[in-house]
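For reference, each letter of the sequence shown is one residue, going 97 to 211 in my numbering.
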Amino acid sequence: MGREKEQAGTNVKLELVRGSGNVFHDLARPNADVGQFKAILAAEIIKALDREHLTVRAAHARTGIAAADFSRIRNADLGRFTVDRLMSIINRLGSRVEVKIRLHRSEAFVHEARL
């Protein structure tokens, strides 16, 4: 899991820890899976804007979605967005979303079930 490594040029030892692949889970955030999914969708929106060289105002003109919403997405301010809203924005930008789901048993749930 974690291992210690000395930082170059110092005597400070840092512990390296492998992440789960979901930073929200690693930071023990509530609804970590939703946060991760929203971040992935937002990244795809940003890629579409960059690919098309769209400003937030040009994206508004093309999609009818407020320029302020595109600014929020670019700034990773995703609290106001639902997953379906982000998917709708991707669709309006001309892309489709395909979702594949893999379920994993939560360690907390397994522990509670044994009690």
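Cβ coordinates follow ideal geometry from the N, Cα and C atoms, glycine included. Keep in mind it's a predicted model, so treat the numbers as computed, not measured.
Extent of the continuous alpha helix (DSSP H) to which residue i belongs
i: K109; result: No alpha helix (DSSP H) holds K109; the beta strand (DSSP E) holding it covers 109–112.
i: V152; result: 152–159
i: L173; result: Checking the sequence, you will find Asp at residue 173 rather than Leu. Unbroken run through D173: none, as it is neither H nor E.
Pair within 9 Å by beta-carbon distance, residue i and residue j
i: H149; j: Q132; result: no
i: L112; j: A144; result: no
i: V130; j: V193; result: no
i: F177; j: K109; result: no
i: A163; j: A172; result: no
i: R170; j: V152; result: yes
Coarse secondary structure for residue i, derived from DSSP in three states
i: K143; result: helix
i: A128; result: helix
i: N187; result: helix
i: K134; result: helix
i: L182; result: helix
i: A163; result: helix
i: H121; result: helix
CB-CB length for residue i against residue j, believed under 8 Å
i: I141; j: L182; result: 7 Å
i: L137; j: I186; result: 7 Å
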